[in-house]
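Trainee:
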Amino acid sequence: MIVEIIIATTLGLFIGSFLNVVIYRLPLSIYTNATIDLINPKRSFCPVCKQKLSALELVPIFSYLAQKGKCKHCGTTISWQYPLVETMTAFISAFIVFMFGATIESGFYLLLAWLLIPLFVIDLKGQLLPDVLTLSLMWIGFIYQMQFGDLQNGVIGAMAGYLLLWSMYWLFKIIKKKEGMGYGDFKLLAALGAWIGWQAIPQLLLSASVLGLIFFVLSKTKKDQTFAFGPFLIVGFLFVKLLDLL
Numbered sequence: 003m004i005v006e007i008i009i010a011t012t013l014g015l016f017i018g019s020f021l022n023v024v025i026y027r028l029p030l031s032i033y034t035n036a037t038i039d040l041i042n043p044k045r046s047f048c049p050v051c052k053q054k055l056s057a058l059e060l061v062p063i064f065s066y067l068a069q070k071g072k073c074k075h076c077g078t079t080i081s082w083q084y085p086l087v088e089t090m091t092a093f094i095s096a097f098i099v100f101m102f103g104a105t106i107e108s109g110f111y112l113l114l115a116w117l118l119i120p121l122f123v124i125d126l127k128g129q130l131l132p133d134v135l136t137l138s139l140m141w142i143g144f145i146y147q148m149q150f151g152d153l154q155n156g157v158i159g160a161m162a163g164y165l166l167l168w169s170m171y172w173l174f175k176i177i178k179k180k181e182g183m184g185y186g187d188f189k190l191l192a193a194l195g196a197w198i199g200w201q202a203i204p205q206l207l208l209s210a211s212v213l214g215l216i217f218f219v220l221s222k223t224k225k226d227q228t229f230a231f232g233p234f235l236i237v238g239f240l241f242v243k244l245l246d247l248l
């Protein structure tokens, strides 16, 4: 088990580094209507000075520490997001393997985590939930249900998740004459519903709403100011999923 956890941690570090590439480049490609190759991406570069990074500069965590959090070419401070995403991906990957071992089910949960992390960060930073991530999450959820759960329950969960937020969106729009959330949130809840089934959707949405309300109050967000709801849906999903596993 120790060997498997070490492998999962190491893999998680490098996957986390790749997820940072996704977090930076995917929204950029959507806004500029450009195409990117995430399977065989171009060499990473400093977003400020555009200098391509060497192999040593791409080593997760250690390169950040060695460079003292700054680009060695232009001295620009490197965002804390990079080591944090790498660390969290490594920790979560190790935790999944610790819980489920080196199994097929563990592989599904790793894919789940590796999709939720960029969705969380991208939406938190730019209020965007890319379809390529949410739809991938949903289809993998269906396959997971075929192997370890109930596909019918997963399909109904996806439909219920989408229609529930869609209905709330239009109800809010009719009453307030403005939009309350984006279509990306509908798709995300549909994808999450594919993993947990329709029965857990109310609990997920309640958890996300409570967390969102707490954030709204504590952050002193203005009434007309928008904020990302996706991260709260993801945290609510994790809460429901962990309760189911315990």
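Per the numbering used here, the very first residue in the sequence shown carries number 3; after that it's consecutive.
Think of the CB as a built atom: it goes at the ideal place given N, C-alpha and C, for glycine as much as any other residue.
All figures in this text were calculated on a predicted structure; none of them were measured in a lab.
(1) Going by CA-CA distance only, name the one from P29, G18, E6, I8 that's closest to V134.
(2) Taking N22 as the reference, give the member of E107, L121, I142 with the closest Cα.
(3) With a CB to CB cut of under 6 Å and the five nearest residues on each side skipped, what residues in its chain are close to I142?
(4) Would you give the residue range spanned by the alpha helix (DSSP H) that W197 belongs to?
(5) Would you call A162 buried or exposed, if buried means 16 or more other Cβ atoms sit within 10 Å of its Cβ?
(6) Smallest Cα separation from G77: which of Q201, L191, C48?
(7) Go to A96, then tell me how far its alpha helix (DSSP H) extends in each direction, as first and last residue.
(8) What span of residues does the alpha helix (DSSP H) with R27 cover, start to end?
(9) Which same chain residues, not among the five before or five after L206, have their C-beta less than 6 Å away from its C-beta?
(10) Taking all protein chains shown into account, do 16 or more other C-beta atoms lie within 10 angstroms of the C-beta of P251, making it buried, or fewer, making it exposed?
(11) To which residues does DSSP link K72 through a beta bridge?
(12) If we call anything under 9 Å between Cβ atoms a contact, is K124 one with I25?
(13) Give, in chain order, every unbroken run of the beta strand (DSSP E) that is at least 3 residues long and sits entirely within the segment 97 to 167.
(14) Helix or strand or just coil, what does DSSP make of K180?
(15) Take F231 as the anchor and find which of Y111, C51, I198, Y171 has the nearest alpha-carbon.
(16) Apart from the five residues just before and just after E107, which ones in its own chain have a Cβ nearer than 7 Å to its Cβ?
Mentor: Taking the geometry as given:
(1) P29
(2) L121
(3) L113
(4) 185 to 198
(5) buried
(6) C48
(7) 83 to 102
(8) 4 to 34
(9) G238, F239, V242
(10) Outside the shown range of the chain, which is 3 to 248, sits residue 251, and nothing can be said about it.
(11) T79
(12) Reading off the sequence shown, one finds Ile at residue 124, where the question assumed Lys. Yes, they are a contact pair.
(13) none
(14) coil
(15) Y171
(16) F150
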